[in-house]
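**Q**
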Amino acid sequence: MLNYLLRKIGYSLAVMLGIVVVVFFLFNILPVDPARMTQGQRADVQSLEAVRKEFGLDKSLPVQFAYYLNDLSPIGLHARTAEEQERYHYVQLLPVSATQAICLKWPYLRRSYQTHKEVAALLLEVIPNTLILATFAMLMAIVIGIFLGVLSAVHQNTWIDRLAVGFSVLGISAPSFFAGILIAWLFGFVLSRYTGLNMTGSLYSYDPFKGEVMTWSNVILPAVTLGLRPLAIIVQLTRSSMLEVLNQDYIRTAKAKGLSPNAIIYRHALPNALNPVITAIANWFASLLAGSFFVEYVFGYNGLGKVTVDALEMSDFPVIIGSILFIAFIFVVINILVDMIYVWIDPRVKLN
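Per the working numbering: the sequence shown = residues 127 to 478.
1. State the DSSP-derived secondary structure class of S331, mapped to helix, strand or coil.
2. Which residue from I450, L463, D465 and V459 puts its Cα closest to that of F108?
3. Under a Cβ-count criterion, where at least 16 other Cβ atoms within 10 Å of its own Cβ denotes burial, should T379 be classed as buried or exposed?
4. With DSSP run on the structure shown, which of helix, strand or coil describes N401?
5. Identify every residue that forms a DSSP beta bridge with A205.
6. Quick one: measure Cβ to Cβ for I390 and I377, integer angstroms, because I've assumed they're closer than 8 Å.
7. With three or more beta-carbon pairs closer than 8 Å as the criterion, would you say the stretch 442-462 touches the stretch 232-239?
8. If you measure between the beta carbons of T225 and R206, is that distance less than 8 Å?
9. Leaving aside the five residues before and after L139 along the sequence, list all residues of the same chain whose C-beta is less than 8 Å from its C-beta, in chain order.
10. Quick one: give me the first and last residue of the beta strand (DSSP E) that Q362 is part of.
11. Grab me the residues of A305's own chain with a C-beta within less than 7 Å of its C-beta, minus the 5 sequence neighbours each way, in chain order.
12. Do three or more CB pairs link the stretch 382-401 to the stretch 313-329 at distances below 8 Å?
13. Could you compute how far the alpha carbon of K243 sits from the alpha carbon of L249?
14. Could you give the residue range of the alpha helix (DSSP H) that holds V280?
15. Distance check for P387 and R393, CA to CA, integer angstroms please.
16. Should P160 go down as buried or exposed, given a rule of 16 or more other Cβ atoms within 10 Å for buried?
17. Once you ignore the five residues that flank V222 on each side, which residues in its own chain have a CB closer than 8 Å to its CB?
18. Apart from the five residues just before and just after L219, which ones in its own chain have a Cβ nearer than 8 Å to its Cβ?
19. Buried or exposed: where does W410 fall if 16 or more other Cβ atoms within 10 Å of its Cβ makes it buried?
20. What would DSSP say about R237, mapped onto helix, strand or coil?
21. Quick check: what's the CA-CA separation for F293 versus S278?
22. Out of I268, L347, L463 and S441, state which residue places its alpha-carbon closest to the alpha-carbon of Q165.
23. Note down, in chain order, each residue of its chain lying with its Cβ closer than 8 Å to the Cβ of T341, except the 5 sequence neighbours on either side.
24. Where does G297 land, buried or exposed, given buried means 16+ other C-beta within 10 angstroms?
25. Between which two residues does the alpha helix (DSSP H) harbouring V158 extend?
26. Does the distance from the CB of A310 to the CB of L259 come in under 8 Å?
27. In three-state DSSP terms, what is L385?
28. Assign D252 to buried or exposed, taking buried as 16 or more other Cβ atoms, counted over all protein chains shown, within 10 Å of its Cβ.
29. Closer than 6 Å by C-beta to N324: which residues in its own chain qualify, once you throw out the five before and the five after it? Chain order, please.
30. With a threshold of 16 other CB atoms inside 10 Å of the CB of T434, please say whether the residue is buried or exposed.
31. So the candidates are I268, Q172 and V177; which of them puts its Cα closest to the Cα of M163?
32. In this structure, what does DSSP give as the bridge partners for Q218?
33. By the DSSP assignment, the alpha helix (DSSP H) with M340 in it spans what residues?
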């Protein structure tokens, strides 16, 4: 198990390195001058050069990449100065010279071109909002999806089955940004006096008397939009798996023994039908974090997606790269956890 885990971690580190290479060079070869974006079109040459020097943009692209890798690496080479210590919060491992040392630190994602805040701090402010949104969306998809999938399988070839399958096909086919616009307009504008929901809004809102307060109602519409596609997938997976299980011999035996339909479905059939559903849930949770980009932007929900789209508009490359690397890291971690669960359930997986 340990060797298998170490091998998976090694593969994952290689994947992350490949993502860093692709993302860094993709955004740094674009014909966009971040210094001009921060200073404006009328900035003088001296101001632009000062900004480029501050962010290391005056160096060649390979040198910039080497410095970026050094910043991202948990073990890096850094100057032994108070300024470097404050920036990286490192712990010295091995002095290399009087001025430099090999240090242990958290990955450093640089600073935003626009706000000059550290990217890690900027992302940590909004990641909880996105995690709450993704959790609500996933819970909705799990509960409703499994219920509809079981209902569809039990009532196969009836109007209930056709309605559930049609709903799932519609949920898979509708793009998230289109569904978001439609749901926001219908429930947040046309029917807002009945639903009490807003077209846009974030988890936290400002009240003139109470200050910053949590507005849970603003999570409902983006969560519904974000959960539509995984809900549709779970409906179809549950239905297919339940139909297969319901045709097994032990289900026929349970019926012959006179067990109630509810006991057969929920005690015997459903637990054995959930294996592919659990796998899909694990993979979809990571996908929801990535899929929240346009949903958050449509609903004005202050999360990781909205911050990333705003950074794209302003060519704030450190924020964009930091967001992409965070999403990639979540995918890698979840894939490792799922693989470990597979190995724990069936040790033969290691042979593959």
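Glycine residues also receive a C-beta, built at the ideal position from the N, C-alpha and C atoms.
**A** Quick look at the numbers:
1. By one-based count along the sequence shown, residue 331 stands at place 205. Here S331 carries a strand assignment [DSSP, helix/strand/coil].
2. Only positions 127 to 478 of the chain appear in the structure, and residue 108 is not among them; the question remains open.
3. Against the sequence shown, residue 379 aligns to sequence position 253. Under this definition T379 is an exposed residue.
4. For the purposes of this step, residue 401 is identified with residue 275 of the sequence shown, where counting begins at 1. Shown here, N401 sits in a helix according to DSSP, grouped into three states.
5. The sequence position of residue 205 within the sequence shown is 79, counting from 1. Q226.
6. Residue numbering aside, residue 390 sits at position 264 when the sequence shown is read from its first letter. Residue numbering aside, residue 377 sits at position 251 when the sequence shown is read from its first letter. Indeed, because the Cβ distance is near 6 Å, the residues count as touching under 8 Å.
7. Note that the stretch 442-462 touches the stretch 232-239; at least 3 beta-carbon pairs, one per stretch, sit closer than 8 Å.
8. Position 99 of the sequence shown, counting from 1, holds the residue named residue 225. Position 80 of the sequence shown, counting from 1, holds the residue named residue 206. T225 places its beta carbon less than 8 Å from that of R206.
9. In the sequence shown, counting from the first residue as 1, residue 139 sits at position 13. Within the same chain, L139 has no close Cβ partners at all.
10. The residue given as residue 362 occupies position 236 in the sequence shown. From DSSP, Q362 is part of no beta strand (DSSP E) but of the alpha helix (DSSP H) over S343 to L372.
11. In the sequence shown, the residue the question calls residue 305 occupies position 179. Contacts found: T351 and L354.
12. No, the stretch 382-401 is not in contact with the stretch 313-329.
13. Mapped onto the sequence shown, residue 243 falls at position 117. Mapped onto the sequence shown, residue 249 falls at position 123. Spanning the two alpha carbons is a distance of roughly 10 Å.
14. Counted from its first residue, the sequence shown places residue 280 at position 154. That run of the alpha helix (DSSP H) goes V245 to V280.
15. The count along the sequence shown starts at 1 and reaches residue 393 at position 267. The count along the sequence shown starts at 1 and reaches residue 387 at position 261. Distance between the alpha carbons of R393 and P387: 10 Å.
16. The residue labelled residue 160 in the question sits at position 34 within the sequence shown. Classification for P160: buried.
17. Position 96 of the sequence shown holds residue 222. The beta carbon of V222 sits closer than 8 Å to the beta carbons of L203 and I228 from its chain, once the five residues preceding and following it are set aside; these are given in chain order.
18. If you number the sequence shown from 1, residue 219 lands on position 93. The beta carbon of L219 sits closer than 8 Å to those of I201, A227, I228, C229 and L230, all from its chain and outside the five residues before and after it, given in chain order.
19. For the purposes of this step, residue 410 is taken as the residue at position 284 of the sequence shown. W410 counts as buried, since no fewer than 16 other beta carbons sit within 10 angstroms of its beta carbon.
20. For the purposes of this step, residue 237 is taken as residue 111 along the sequence shown, with counting starting at 1. Judged by DSSP in its simplified three-state form, R237 adopts strand.
21. Taking the sequence shown and counting its residues from 1, the one referred to as residue 293 is at position 167. Taking the sequence shown and counting its residues from 1, the one referred to as residue 278 is at position 152. Distance between the alpha carbons of F293 and S278 is about 11 Å.
22. Along the sequence shown, read from residue 1 onward, the residue named residue 165 stands at position 39. The shortest Cα separation from Q165 among I268, L347, L463 and S441 belongs to S441.
23. To locate residue 341, count along the sequence shown from 1; it is residue 215. Taken in chain order, the residues that qualify are G327, S328, L329, Y330 and S331.
24. Within the sequence shown, numbered from 1, the residue matching residue 297 stands at position 171. Buried.
25. Within the sequence shown, residue 158 is the residue found at index 32, counting from 1. Element bounds for V158: n/a, residue is neither H nor E.
26. Counted from its first residue, the sequence shown places residue 310 at position 184. Counted from its first residue, the sequence shown places residue 259 at position 133. For A310 and L259, no; Cβs fall outside 8 Å.
27. Here the question's residue 385 lines up with position 259 in the sequence shown. Correct three-state label for L385: coil.
28. As a working mapping, residue 252 is identified with position 126 in the sequence shown. Checking the displayed sequence, the identity of residue 252 turns out to be Val instead of Asp. Taking every protein chain shown into account, the CB of V252 has 16 or more other CB atoms within 10 angstroms, so this residue is buried.
29. Taking the first residue of the sequence shown as 1, we reach residue 324 at position 198. These residues qualify, in order along the chain: G314.
30. Sequence index remark: in the sequence shown, residue 434 carries index 308 (1-based). A residue is called buried once 16 or more other Cβ atoms fall within 10 Å of its Cβ, and T434 is buried on that count.
31. The residue you call residue 163 lines up with position 37 of the sequence shown. Answer by Cα proximity: V177.
32. The count along the sequence shown starts at 1 and reaches residue 218 at position 92. Bridge pairing for Q218: C229 [DSSP].
33. Reading the sequence shown from its first residue, position 214 is the one you call residue 340. From DSSP, M340 is part of no alpha helix (DSSP H) but of the beta strand (DSSP E) over G337 to M340.
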